[in-house]
Structure formats: structure tokens, C-alpha cells
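Read the structure below first, then the notes.
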Amino acid sequence: MLNRFRFLSSIRSRLALLVAACLIPASLIAVALLSYDYYRNREALRDSAVITARTIASLVDQQFSGINATLGALATSPALSSRNLKTFYGQALQVLPSQPIQNLMLMDPEGQQLLNTLRPFGERLPRVADSAMLRPLARGDGPVISGLILGAVTGKPQVAICVPIHDKGKHIYSLCAVQPAEQFAQLLHQQQLPADWIVAVLNSGGRMIARSHDMARYLGMPASRDLQEALSFDNEGWFEGKTSEGIPVLAAFSRSTLSNWYIAIGIPAASIAAPAAQKLGWLACTILLLLGASVVVAHVIGRSISQAVHGLVAPALALGHGRELTIPRLNLLEADEVAVALTQASSMLARAQYQATHDALTELPNRSFFNDFVAKQAAHAKRYRSDFSILYIDLDGFKPVNDIHGHAAGDAVLCAVGRRLRASLRESDVAARLGGDEFAVVLVNTTGEAARKLADKLIAVLSAPYDIEGGTARISASIGIAGCEDANQMGVNILQLADTAMYLAKAAGKGRVICSSGMKAAG
1 MLNRFRFLSS
11 IRSRLALLVA
21 ACLIPASLIA
31 VALLSYDYYR
41 NREALRDSAV
51 ITARTIASLV
61 DQQFSGINAT
71 LGALATSPAL
81 SSRNLKTFYG
91 QALQVLPSQP
101 IQNLMLMDPE
111 GQQLLNTLRP
121 FGERLPRVAD
131 SAMLRPLARG
141 DGPVISGLIL
151 GAVTGKPQVA
161 ICVPIHDKGK
171 HIYSLCAVQP
181 AEQFAQLLHQ
191 QQLPADWIVA
201 VLNSGGRMIA
211 RSHDMARYLG
221 MPASRDLQEA
231 LSFDNEGWFE
241 GKTSEGIPVL
251 AAFSRSTLSN
261 WYIAIGIPAA
271 SIAAPAAQKL
281 GWLACTILLL
291 LGASVVVAHV
301 IGRSISQAVH
311 GLVAPALALG
321 HGRELTIPRL
331 NLLEADEVAV
341 ALTQASSMLA
351 RAQYQATHDA
361 LTELPNRSFF
371 NDFVAKQAAH
381 AKRYRSDFSI
391 LYIDLDGFKP
401 VNDIHGHAAG
411 DAVLCAVGRR
421 LRASLRESDV
431 AARLGGDEFA
441 VVLVNTTGEA
451 ARKLADKLIA
461 VLSAPYDIEG
471 GTARISASIG
481 IAGCEDANQM
491 GVNILQLADT
501 AMYLAKAAGK
511 GRVICSSGMK
521 AAG
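Written out as C-alpha cells, the structure is:
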């Protein structure tokens with residue numbers, strides 16, 4: 001299970017997760033805001049459609065009201081009461097230009113047209129056979145608005161608004177103003193509604209009088225089932241349903257107060273959702289771009305952090321091996337702070353190691369360092385059949401320096417001895433202070449006569465005067481030499497052999513060199 005999610009343990013993957021954790025909530029909020037905006041826009045469109053339907057219904061009623069007033073005025077013409085139809089024909093022609101109507105016609109109670117402004121006066125005219133319109137007129141009801149009828153003269157779909165004319169209480173004529181169905185379609189077009197909105201004018205029976213789309217196909221047909229159901233419940237409102245074509249719409253409707261006609265407006269659901277879908281698409285693209293850019297930035301940042309962390313691995317391992325560190329800048333504050341801490345720790349460790357293996361006064365290696373070095377040289381000599389020598393040095397006449405000049409002068413002499421030893425040896429050789437006035441030297445790959453010559457040189461160097469506060473001091477040295485091969489042949493420890501040789505040199509008169517081979521004095 002842990003290995004399965006191992007890829008999530010890197011800095012770069014964690015940064016990528018952080019980016020996702022920051023972007024996902026913001027994206028969800030943006031989607032929620034888009035959803036809220038969609039529903040608010042939907043409600044605004046719905047309310048706007050209801051108001052628009054109400055406005056168009058009012059315009060239809062205004063037309064009907066104006067036409068009805070004109071018909072009422074014409075109905076009082078003396079030419080009608082005197083049966084002077086020719087004079088009335090002329091009056092009707094004069095009225096036409098001022099009204100939104102196609103023609104005026106006069107018919108008797110049985111529906112026979114007596115005059116029609118579309119035809120010359122006196123021409124034989126057809127009979128109107130619309131009983132649904134004639135019966136109310138015969139009863140004296142008016143005005144009467146017909147359904148969609150086919151004009152007897154024009155042969156085109158039209159609507160007639162008729163008023164009965166009485167003389168001495170008797171129904172003698174019916175006066176009608178005719179509007180073509182196309183005129184209502186023009187009224188819809190004048191509203192300059194969005195091109196995809198489907199608007200319809202329906203009469204009181206729910207039949208299509210005019211339509212903004214496919215009018216020829218649906219003219220005179222009943223409204224869609226969803227619209228019929230909505231009209232049966234209320235005079236104004238909205239619903240979600242389908243048009244006669246089967247298009248899903250958010251529909252609004254309003255019923256006129258004068259004609260009882262309906263205006264229905266259908267807003268396609270696709271057009272409502274399209275802006276939200278477009279915004280959602282832009283949002284998705286933006287989120288993906290931000291996510292991609294953020295992941296790239298996170299990858300770059302993660303790589304720099306990873307490089308900084310990896311840059312600390314080697315120094316940490318080196319610190320474990322006791323090496324002093326020099327770490328370059330990692331260009332990351334926290335990593336640089338760790339690097340400084342590692343550097344300080346390495347310096348402290350180096351100082352501690354130095355102090356543990358070196359004499360504090362002379363800064364020469366101490367007995368512990370010397371013994372380890374001798375052990376390593378012995379192992380090397382055994383493996384590679386090489387040889388080395390050890391010089392044990394004891395200062396002669398050092399105690400009087402302390403007694404006469406004081407310990408400070410003695411310390412100064414010891415420091416000078418250390419400096420003279422280092423100056424007289426090769427870099428591969430090691431000089432150490434074993435304690436007090438005892439020193440030792442390891443001569444790598446040097447035995448026999450060469451070791452003795454160096455010992456003689458050291459006695460001369462160490463016997464030279466020492467400048468101290470208040471004068472000079474003189475000492476000498478006794479040196480015992482032991483070779484690795486000699487110690488192996490004699491079956492003794494080389495350190496013990498060199499120590500024994502040094503004591504023999506001291507016993508022989510000081511300022512002398514004794515070699516382990518034969519234990520004879522030299523010099």
C-alpha cells in the first residue's frame with residue numbers, strides 16, 4: 001500500500017497536490033457561481049417573457065379597441081338608416097387609410113355581403129357562411145371577433161371584427177373590419193425579439209392566428225398540448241414544455257382582457273443554456289491552463305527545492321565521516337540555514353576531533369593519534385611488506401628550565417621543540433608529543449642508517465639554544481630508534497622496543513641515539 005503511493009512522497013508531487021488543493025475549491029466555487037448566474041438569468045428571461053407577452057396582448061387589444069371604435073362610429077352613419085349603401089361605401093373607403101385593417105364589409109343578417117371595399121360597389125359578392133360569428137350578431141351581441149377564417153373574396157386567412165347595426169330595435173346589418181393573419185405576424189416582427197424566440201398569437205379557442213416561425217405550417221392549428229394545459233389553468237404565467245415542433249422551451253403566456261386572445265412566447269432551453277455552457281467551457285479552459293501552468297511552476301519550484309535538499313545529502317554523509325564541510329549557497333533560505341548548521345557542526349566536530357587527537361600546547365598529534373597511526377602503518381607494512389621506523393625522543397635538561405625560568409618558559413620551549421620537529425620532517429612523517437617532555441616520530445619507509453642520520457640531525461636541531469623571556473635556554477635529546485622489521489624479528493611491540501632504546505640512550509649519557517638493531521649507542 002505504501003509503495004503504491006510512493007510517488008506522492010516527493011516534494012514535486014506534494015506541491016502539485018497543493019496546487020490542486022488550492023484550485024479545486026476555487027473551481028467548485030466558480031461552478032457554483034455559474035450555476036447561480038444561470039438560474040438568475042433564467043428567471044430574468046422568464047419574467048421578461050411574461051412581460052413581453054402581456055405587452056403584445058395589450059397591443060392586440062389596442063388594435064381591436066381602435067377598430068371597434070371606428071366600427072361604432074360608422075354604424076351611426078345616416079346612410080345606413082336611409083339604406084343609402086353607395087354613400088356608405090364612399091364613407092368606408094375614406095376610413096380605411098386611418099385604420100390597421102385590410103377592408104370593410106357590410107352584410108345582411110343572413111351573412112350575404114352587401115358591400116366590400118375590396119370590390120367596386122354594386123359587384124355581386126359571396127355569402128359569409130361562418131355561423132359561429134353570425135349567431136351572436138343576430139342576437140345583438142357585439143362586437144364579435146371571428147376565429148381564423150378564409151376570406152370569401154381574398155381566399156386568404158383573416159380575422160373579422162363585427163358589430164351589429166339595428167334600426168328601431170331590429171337587426172338590419174352587420175358591419176365588419178377585416179384583418180389578414182399576416183398583419184398579426186408583422187406585429188410580432190415589430191417587437192424585435194430574439195430570433196430564436198418562438199412567439200404565437202392564439203384566439204380564445206387556442207387556435208394559431210399568427211406565429212413567428214413556420215406560420216404557414218401551423219396556421220389555424222391548435223396550440224401544443226403543454227400550452228393548452230397551461231392556458232386551461234391560468235390567464236398568465238409560465239411553464240416548461242415543448243412547442244408544436246417538439247422543441248424544449250421555457251414558455252410564458254398572457255391573455256388579453258378585451259379579445260380573450262393569448263400571446264405565447266417560447267424561449268428554447270438550448271439558447272438559455274448556451275451562455276452558461278460557453279462560460280463553463282471558458283472556465284474549464286482557464287482552470288486547465290491555470291492548473292497546467294501551476295503544475296509547471298510547482299515542478300520547477302519542487303525541482304529547485306529537491307536539488308537544494310539533495311545538495312545537503314553529500315555534506316551530511318561527509319559530516320558523518322568527520323570531514324570538514326564547505327557547502328555552496330543553495331538559493332533556498334531553509335536549505336541554506338541547514339547548510340550553515342551543518343558547516344558549523346562540521347567545524348565543531350573537526351575542532352573536537354583535533355582537540356581529541358592533538359596536544360593543546362604544541363599542536364602536535366597526541367599519544368592516541370600516534371598509536372592509531374603506528375597501528376595503521378604496521379598493518380600497511382605487513383600487507384605490502386614495507387618498513388617504517390619509530391623515534392622515541394626524551395628531552396635532556398628540560399626540568400631545570402621549568403625550575404629556573406618557570407613553567408611559562410618551559411611551555412615556550414616545548415612549543416619550539418614541536419616547531420623544530422615539524423620543520424625537520426617530511427610531510428609523510430608524523431611527529432607527536434606523548435606527554436611531558438617525551439616526543440615520538442614515525443618515519444614512513446625509512447629504516448636503518450637513514451633513520452639514524454635523521455635522529456642525529458634532530459639531536460643537533462633540538463640542542464640549539466631557545467630564546468625565552470629573560471634569556472636563553474639549552475636542552476638536548478636522547479633518541480631511541482626501532483624498526484618494524486627489528487620488532488618483528490625480536491617478537492616485541494615496536495613502541496616498546498623504541499621506548500627501551502630511548503631509555504638506553506638516556507642511560508648512556510644523554511644526547512645520544514640508540515638503534516634497536518644490536519642496541520648499540522650511535523653518536
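Residue numbering for the sequence shown follows UniProt numbering, beginning at 1 and increasing consecutively. We treat Cβ as the ideally placed atom computed from N, Cα and C, and that holds for glycine.
What does the alpha-carbon distance come out to for the pair residue 338 and residue 284?
Your numbering for residue 338 matches position 338 in the sequence shown. Your numbering for residue 284 matches position 284 in the sequence shown. If I take the Cα positions, the gap works out to 42 Å.
Is the separation between the beta-carbon of residue 392 and that of residue 464 shorter than 7 Å?
Numbered from its first residue, the sequence shown carries residue 392 at position 392. Numbered from its first residue, the sequence shown carries residue 464 at position 464. Contact: no.
Looking at residue 212: is its Cβ nearer than 7 Å to the Cβ of residue 201?
Here residue 212 refers to the residue found at position 212 when the sequence shown is read from its first residue. Here residue 201 refers to the residue found at position 201 when the sequence shown is read from its first residue. Not in contact: residue 212 and residue 201 (Cβ atoms no closer than 7 Å).
Is the beta carbon of residue 79 closer than 7 Å to that of residue 117?
Taking the sequence shown and counting its residues from 1, the one referred to as residue 117 is at position 117. Taking the sequence shown and counting its residues from 1, the one referred to as residue 79 is at position 79. It is not a contact, given that the beta carbons lie outside the stated cut-off.
In whole angstroms, what separates the C-alpha of residue 434 from that of residue 380?
Reading the sequence shown from its first residue, position 434 is the one you call residue 434. Reading the sequence shown from its first residue, position 380 is the one you call residue 380. Going from the Cα of residue 434 to the Cα of residue 380 covers about 23 Å.
Below 7 Å between beta carbons: does that hold for residue 243 and residue 266?
Here residue 243 refers to the residue found at position 243 when the sequence shown is read from its first residue. Here residue 266 refers to the residue found at position 266 when the sequence shown is read from its first residue. In this structure, residue 266 lies closer than 7 Å to residue 243 by Cβ.
Sheet register partners of residue 107 (DSSP bridge):
As a first step, residue 107 is located in the sequence shown; it is residue number 107 there, counting from the start. In DSSP, residue 107 forms a bridge with 113 and 174.
Between residue 531 and residue 149, which are expected to be in contact by the criterion C-beta below 8 Å, what is the C-beta distance as a whole number of angstroms?
Residue numbering for the chain in the displayed model covers 1 to 523; residue 531 lies beyond these limits and cannot be assessed.
According to the Cβ coordinates, are residue 412 and residue 468 closer than 7 Å?
For the purposes of this step, residue 412 is taken as the residue at position 412 of the sequence shown. For the purposes of this step, residue 468 is taken as the residue at position 468 of the sequence shown. In contact: residue 412 and residue 468 (Cβ atoms closer than 7 Å).
To the nearest angstrom, how far is it from the Cα of residue 385 to the Cα of residue 374?
Working through the sequence shown from its first residue, we reach residue 385 at position 385. Working through the sequence shown from its first residue, we reach residue 374 at position 374. For residue 385 and residue 374, the distance between alpha carbons rounds to 15 Å.
Give a yes or no on contact between the stretch 33 to 41 and the stretch 125 to 136, applying the rule of three or more CB pairs nearer than 8 Å.
no
Check whether the Cβ atoms of residue 101 and residue 177 sit closer than 7 Å, and answer yes or no.
Stepping through the sequence shown from its first residue, residue 101 is reached at position 101. Stepping through the sequence shown from its first residue, residue 177 is reached at position 177. For residue 101 and residue 177, yes; Cβs fall inside 7 Å.
Are at least three pairs of beta-carbons, each pair with one atom in the stretch 395 to 411 and one in the stretch 334 to 350, less than 8 Å apart?
no
Supposed close pair residue 441, residue 429 - CB separation, criterion 8 Å:
The residue you call residue 441 lines up with position 441 of the sequence shown. The residue you call residue 429 lines up with position 429 of the sequence shown. Rounded, the Cβ-Cβ distance is 6 Å, consistent with contact.
Any non-hydrogen atom of the ligand FAD within 6 Å of residue 225 CB:
This structure does not include the ligand FAD; it has no bound ligands of any sort.
Rounded straight-line distance, which links the Cα of residue 316 to that of residue 11:
Counting from one through the sequence shown, the residue named residue 11 turns up at place 11. Counting from one through the sequence shown, the residue named residue 316 turns up at place 316. Distance between the alpha carbons of residue 11 and residue 316: 19 Å.
Assuming residue 462 and residue 512 make a contact with CB atoms under 8 Å, what is their CB distance in whole Å?
Your numbering for residue 462 matches position 462 in the sequence shown. Your numbering for residue 512 matches position 512 in the sequence shown. Going by Cβ atoms, the distance from residue 462 to residue 512 rounds to 13 Å, so no, they are not a contact pair.
Limits of the unbroken alpha helix (DSSP H) element including residue 411
Along the sequence shown, read from residue 1 onward, the residue named residue 411 stands at position 411. In this chain, the alpha helix (DSSP H) harbouring residue 411 covers 407 to 424.
Residue 88: first and last residue of the uninterrupted beta strand (DSSP E) it sits in
As a working note, residue 88 is residue 88 in the sequence shown. Per DSSP, residue 88 lies in no beta strand (DSSP E); the unbroken alpha helix (DSSP H) holding it starts and ends at 85 to 95.
Between the alpha carbons of residue 127 and residue 185, how many angstroms are there, rounded?
Position 127 of the sequence shown, counted from the first residue, corresponds to residue 127. Position 185 of the sequence shown, counted from the first residue, corresponds to residue 185. Rounded to the nearest angstrom, the two C-alpha atoms are 27 Å apart.
Can you tell me whether residue 520 is buried or exposed, with buried defined as 16 or more other CB within 10 angstroms of its CB?
The count along the sequence shown starts at 1 and reaches residue 520 at position 520. Model confidence at residue 520 stands at a pLDDT of 41, short of 50, so the residue's coordinates are unreliable and nothing is read from them.
Between the Cα of residue 63 and the Cα atoms of 193, 415 and 187, which residue gives the shortest distance?
By 1-based counting over the sequence shown, the position of residue 63 is 63. Taking the Cα of residue 63 as reference, the smallest distance to any Cα among 193, 415 and 187 is reached at 187.
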